[in-house]
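A.B. asks: Mind looking over this structure? Questions follow.
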Amino acid sequence: MQPVEIKKDIYWVGAIDWNIRDFHGYSTPKGTTYNAFLVKDDKITLFDVVKKPFKDDLVQNVKRLGVEKLDYLVVNHVEMDHSGALPEVIEVLRPERIVCSPAGKKALMDHYHREDWPFEVVETGQELSLGKRTLQFLETRMLHWPDSMMSYIEEDRLLISSDGFGQHWATSERFDDEVNQEELLAHAAKYYANILLLFSPLVQKLIAKVQELGLQIDMIAPDHGLIWRSDPGRIIQAYNSWSLQESREKALIIYDTMWQSTEKMAFAIAEGLNQEGAAFKLLNLKLNHRSDIMTEVLDAKAIVFGSSTINNGMMPSMADVLCYMKGLRPIGKLGVAFGSYGWSGEAVKHITDVLTEMKFKVLNGGLRVRFAPTPEDLEKCVDLGRQIGKEVKRAKV
Ligand code: FEO
């Protein structure tokens, strides 16, 4: 991909990864991008690099712009999708200074062990003149790693936002207004749910800090996906809602089944939800990836977990999704477990224990059925669905 001018003398010089399908456990069915940005001012400045296999794309793009040497290389984030190509890029483009946060320097040393690199450590509020422009740095610890920071250029009203506001979506387009809006927001929501949800309190602090500093922003350039230029306030507003974990009247039934008994229970619970007029989705764990499930969790009010009992516990697929979900810390959810069993039947209790640990509001001790459900058992499932439906429609959790 050729460089793209995003503001006068500021260029996207990153790489498109069309083929990645798994990003440390997050499914990326439409690939991703590793964005990097070059400012041509009195000081030639590069913001972030790319994943190691894409180093030639980045260097070629920089050279296409007539740049053979950098003055500054700003490392907003050290995770290797943004720093993997650093050793080669530093060798070829020989920056005078490598600008990073205090935690960034530590992380760079821990990754690359190069004390000879010309580090310049900056902190929140610190400025760096590029000539006609002045950079302002904003440390954003844990969004996504301790080292993360964002860079703001007041003259261009441009926020270079690192992982924040990103999406894993490979496209030939570079700007938000060039793609389908619904799909764009869906990718941004999936990214938030799977990367940033557990740091939601820090996202709230970031939004407050941006307001406190009075940053005027008319473009947000993240390190993944499309650049927000048509209305950056829209994605900031979405982040506000997601970080407050605002839910809507929606229930999820997440389940796995051995011999379709738990599935029959799931369908009967869905029938009860439907009778109450509550929105719901059935998510079979054999057919839905954990990261797509997390996207649905983002705005769900109730989550119903179904698993057969196997080997005195829950199905491994259920353990997987619960472990993943617990780490991402959704809050304010109603939860309940159900499932079929043969003789011991521990799955429902084990799931309920995890829901309690996650501080879900657990509706009851769960619903178990021995082997195949009878019509009476299924009626109990419908009743449970109706109970959940009522809660979804009235509960403030
Ligand atoms: Fe896109 Fe936290 O790296």
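Numbering-wise, numbering that gives the first Met the number 0 puts 12 at position 13 of the sequence shown, and it's gapless, one number per residue.
Don't be surprised by glycine CBs; every beta carbon is placed ideally from N, CA and C.
Under 7 Å: does the beta carbon of residue 146 sit that close to some heavy atom of ligand 1?
C.D. replies: Residue 146 Cβ: outside cutoff for every heavy atom of ligand 1.
A.B. asks: Cβ-heavy atom distance between residue 87 and ligand 1 below 7 Å?
C.D. replies: Outside the cutoff, so no.
A.B. asks: By the three-class DSSP mapping on this structure, what secondary structure does residue 6 have?
C.D. replies: Strand at residue 6.
A.B. asks: Taking Cβ positions, are residue 234 and residue 241 nearer each other than 8 Å?
C.D. replies: Result no, Cβ atoms of residue 234 and residue 241 do not sit closer than 8 Å.
A.B. asks: Consult DSSP for residue 198 and reduce its assignment to one of helix, strand or coil.
C.D. replies: Of the three classes helix, strand and coil, the one that applies to residue 198 here is helix, per DSSP.
A.B. asks: Alpha carbon to alpha carbon, how far is residue 123 from residue 196? Give it in angstroms, no decimals.
C.D. replies: Between residue 196 and residue 123, the C-alpha separation is close to 23 Å.
A.B. asks: Give a single yes or no on whether residue 138 has its beta carbon closer than 7 Å to a heavy atom of ligand 1.
C.D. replies: No - ligand 1 has no heavy atom lying nearer than 7 Å to the Cβ of residue 138.
A.B. asks: Per DSSP, what are the beta-bridge partners of residue 311 in this structure?
C.D. replies: Beta-bridge pairing links residue 311 to no other residue.
A.B. asks: Under three-state DSSP, which class holds residue 300?
C.D. replies: Three-state DSSP puts residue 300 in a strand.
A.B. asks: Using a Cβ-Cβ cutoff of less than 7 Å, which residues in the same chain neighbour residue 277 once the five nearest sequence positions on both sides are dropped?
C.D. replies: Cβ within range, chain order: 248, 250, 388, 391, 392.
A.B. asks: Candidates 6, 9, 13: which alpha carbon is nearest residue 0's?
C.D. replies: The shortest C-alpha separation from residue 0 is found at 13.
A.B. asks: Compare the beta carbon distance of residue 16 and residue 40 with 8 Å and say whether it is the shorter of the two.
C.D. replies: In this structure, residue 40 does not lie closer than 8 Å to residue 16 by Cβ.
A.B. asks: Output needed for residue 319: all residues of its chain with C-beta closer than 7 Å, excluding positions within five of it in sequence on either side, in chain order.
C.D. replies: Only 289 meet the Cβ criterion.
A.B. asks: Is any non-hydrogen atom of ligand 1 found closer than 7 Å to the C-beta of residue 80, if you look at the structure I gave you?
C.D. replies: Yes, the Cβ of residue 80 comes within 7 Å of a heavy atom of ligand 1.
A.B. asks: Using 7 Å as the cut-off, classify the Cβ of residue 110 as near or not near the heavy atoms of ligand 1, replying yes or no.
C.D. replies: No, the Cβ of residue 110 stays beyond 7 Å of every heavy atom of ligand 1.
A.B. asks: Count the other C-beta atoms from every protein chain shown that fall within 10 angstroms of the C-beta of residue 372, then say buried if there are 16 or more, exposed otherwise.
C.D. replies: By the 10 Å Cβ count, residue 372 comes out buried.
A.B. asks: Within 10 Å of its beta-carbon, does residue 322 have 16 or more other beta-carbons around it, so buried, or fewer, so exposed?
C.D. replies: Label assigned to residue 322: exposed.
A.B. asks: Pull up the distance between the alpha-carbon of residue 155 and that of residue 6, whole angstroms please.
C.D. replies: Approximately 7 Å between the Cα atoms of the pair.
A.B. asks: Could you tell me the boundaries of the beta strand (DSSP E) in which residue 73 lies?
C.D. replies: Where residue 73 is concerned, the enclosing beta strand (DSSP E) stretches over 71-73.
A.B. asks: At what residue ranges does the stretch 114-150 contain a whole run of the beta strand (DSSP E), taking only runs of 3 or more?
C.D. replies: Taking only runs of at least 3 residues, the beta strand (DSSP E) segments lying wholly in the stretch 114-150 are 118-120, 126-128, 133-138.
A.B. asks: Can you find a heavy atom of ligand 1 that lies under 7 Å from the Cβ of residue 76?
C.D. replies: Yes, the beta carbon of residue 76 sits closer than 7 Å to at least one heavy atom of ligand 1.
A.B. asks: Does ligand 1 have even one heavy atom less than 7 Å from the beta-carbon of residue 143?
C.D. replies: True, at least one ligand heavy atom lies under 7 Å from that Cβ.
A.B. asks: Given this structure, state the Cα-to-Cα distance separating residue 67 from residue 97, to the nearest angstrom.
C.D. replies: Distance between the alpha carbons of residue 67 and residue 97 is about 16 Å.
A.B. asks: Hey, residue 316 and residue 260 are a contact pair by Cβ (cut 8 Å); roughly how many whole angstroms apart?
C.D. replies: That belief does not hold up - the Cβ atoms of residue 316 and residue 260 are roughly 16 Å apart, past 8 Å.
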